[in-house]
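My numbering numbers the first residue of the sequence shown as 18 and each following residue consecutively.
Backbone N, C-alpha and C define an ideal beta-carbon position, used for all residues, glycine too.
Note that the coordinates shown come from a computational prediction; the quantities given were computed from them, not determined experimentally.
Have a look at the structure below, then the notes.
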Amino acid sequence: MRRVISRPLVVSLLASVLALSVYAQDGDRIDWPRYQDMAVDLMQQYLRVNTSNPPGNEIEAARFLKKIFDQHGIENEIFEYKPGRANIIARIKGNGSKRPIILLSHMDVVTAEPASWEVDPFSGVIKNDYIYGRGALDMKNEGLLHLMTMILLKHEGPALSRDVIFLGTADEEVNDEGSLWMIANKADLFKNAEYLLTEGGDNLLDGGSVKIVGVDVAEKAPFWLRLTATGLPGHGSRPVADSATNRLIRAMNRILDWETPIKLLPAVEQFFKDVAPLQREPLRTQFAKIRESLKAPVFAKSLTSQREYNFLLRNTISITMLSGSKQTNVIPNAATCNLDVRLLPGESPEDFLTALKTVVADPSIKIDNVNRFKPPNSSRIDTELFTLIARKTKENHPGAIVTTKMLSGYTESQLYRQLGIVAYGWAPIYTTPEEDEGVHGNNERISVRNVRQGTREFYEVVKEISR
Ligand SMILES: [Zn+2]
């Protein structure tokens, strides 16, 4: 059957062809293959800079980046806050009618065990269309996209309404010294920013297509605790019923049996609704009305028995370090265990501690906080940037679902949100769960395709928000 094209359709076809050609002109001005080749080459070079932390030695990465910024005439400055440890900031100026956007990446990487890798972790070698190296996913890849965006804005970008600030920091993997130093000493350079983009986005590539793009808008907060039980010491041949070890074990059992209350935060509720269409029934309907569904104890129990969902819905506790006697035949006078507690945004550590003490039910067991607690926070999603990320993602990957993510882990967004900046974890890097195993693991790698496409997709979002 022949189809007769009616006039309004012709008009709308014509309009979309015109729109397409305008878009194409804008995009085609840029010699993408040249910049994408450059991105792959710079990715390899960046991965060869060994910034394993400890000791970090991020000054080498800062110098590497400085050289490139200098070559391209981009204003930049290194801050070596102690020997070998450095941050770098670079800036492309806008007319100031909008507040800046910060592209934040940490330059340090976790250590690598070369014997467990297929290639030298600092070789930046390309094998089977993957670029290998410690930091290829966490997070020199995103640093590279930020760097390429600066280069592209400098040579190809439109007039900007806001400053675009590149910020490379030291020590994220250990103590956040780099960002803490910048915020304490150089905040004037960036504290008026409206937005910040950094790591934390959690995207899913499955069967060759992008299924989920997760923008990290909140993270849980580590609240690490140590329990210390003390008691009568003695010889192992003559047991002490309420010894330090025995009392500690009983307390740990009560902790293991404790089900912390389920709480559904708005960002998490949104996530379940967004991913509902990907589920089969009855899960699809249950996710779509998750707040209602969680009221059914059977459903709540089965959902929280899955690790990937449990942490989204409650404060969690993992018993990690244990210590008692150094000898089999000695009953120690003290025994300890450490708990890796992660609190939901908005939770009070004092309230949690009070509840935990009730569960432990043994006033002689001392409970101490052993980390620097940073109150969890979150960013709102009714922003121009969030809308833009969602729109661009759908243009580039029509089947993808864009959703909010709350991370179980911590990112530096927490620090910058305290300055009033809207901070998101997002990057157009699409990985399979198998590739994700390289993060802090062995054979960390990024596909060449990700680097090439990511360069364009990231640039387009930053360019658009900064027009
Ligand atoms: Zn990281």
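Beta-carbon proximity check, residue i vs residue j, cutoff 8 Å
i	j	result
T215	S122	yes
E173	R46	yes
R102	G73	yes
A129	S69	yes
L222	L244	no
N413	I446	no
V456	D193	no
N104	G231	no
P362	N327	no
R397	V439	yes
M165	T472	yes
I95	A78	no
Y63	K157	yes
D188	K110	no
Close Cβ partners of residue i (< 8 Å) along its chain, the five nearest in sequence each way excluded
i	result
L424	G217, D219, D233, A235, E236, K237 and G442
V387	W241, L242, R243 and N355
F369	F240, N332, V358 and L360
M55	M165 and I168
Own chain residues within Cβ distance below 6 Å of residue i, not counting five before or after
i	result
I182	R108, P117, I119 and F207
Q296	F304
Y149	V136, V142 and R462
E402	Looking at the sequence itself, residue 402 is Leu, so the reference to Glu does not match. Result list for L402: Y212 and I482, in chain order.
W134	N459 and N460
N209	R116
Q470	none
A352	A246, A261, T262, L265 and G341
T277	R331 and N332
R151	V126, A129, P138 and E461
M338	N355
D385	R243
Proximity winner among the options, relative to residue i (alpha-carbon distances)
i	options	result
G253	E429, V347, N467 and R151	V347
K144	L222, E75 and Q61	Q61
L356	T333, L59 and P393	T333
E294	Y427, D274 and I307	It should be noted that the sequence gives Pro, not Glu, for residue 294. The shortest C-alpha separation from P294 is found at I307.
S114	A176, S260, A351 and I76	A176
F289	Q88, T421, S430 and V478	T421
L432	D125, G160, L197 and I91	L197
R408	V478, D379, Y427 and P380	V478
I168	I229, E429, K83 and W275	K83
A258	P349, E298 and T428	P349
I406	L436, K480 and V376	K480
G185	D379, L281, S335 and E97	E97
L436	K203, Q287 and R267	K203
I418	E429, T404, A378 and E452	T404
S566	P299, K383 and I200	Outside the displayed span of the chain (18 to 484) sits residue 566, for which this structure offers no information.
V270	V376, R65 and G426	It is Asn, not Val, that sits at residue 270 in the sequence shown. Comparing Cα positions, the closest option is V376.
Chain-order list of residues whose beta-carbon lies under 7 Å from that of residue i (same chain, five-residue window excluded)
i	result
S38	Per-residue confidence for S38 stands at a pLDDT of 40, beneath the threshold of 50, marking its modelled position as unreliable; no derived number is given.
R19	The pLDDT assigned to R19 is 34, lower than 50, so where the model puts this residue is not dependable, and the model offers no usable value.
F475	L162, T166, A444 and P445
A5	Limits of the chain in this structure are 18 at one end and 484 at the other, which puts residue 5 out of reach.
G248	V257, D259, S260, A261, R264 and N350
Extent of the continuous beta strand (DSSP E) to which residue i belongs
i	result
K228	S226 to E236
K99	E92 to K99
F183	V181 to T186
D485	A question about residue 485 goes unanswered here, because the residues of the chain that appear run from 18 up to 484.
G195	That residue, G195, is in no beta strand (DSSP E); its alpha helix (DSSP H) goes E194 to N202.
Y441	V439 to G442
D357	A351 to L360
S340	T333 to S340
D385	K383 to N386
E103	Residue identity check: residue 103 is Ala in the sequence provided, not Glu. First-last of the beta strand (DSSP E) with A103: R102 to I109.
N220	D219 to D223
Segment limits, alpha helix (DSSP H) that includes residue i
i	result
A317	P314 to T321
K422	Looking at the DSSP string, K422 is not in any alpha helix (DSSP H); the run it does join, the beta strand (DSSP E), is I418 to L424.
K208	K208 -> no alpha helix (DSSP H), and no H or E assigned at all.
D87	I76 to Q88
I266	A261 to D274
R434	S430 to R434
R473	V465 to I482
H123	Here H123 belongs to no alpha helix (DSSP H); instead the beta strand (DSSP E) covers I118 to H123.
Q53	W49 to L64
E451	P450 to D453
Note to self: Just to be sure I understand the criterion: a residue counts if its Cβ is closer than 6 Å to at least one heavy atom of ligand 1. Which residues meet that?
What the structure shows: H123, D155, M156, E189 and E216
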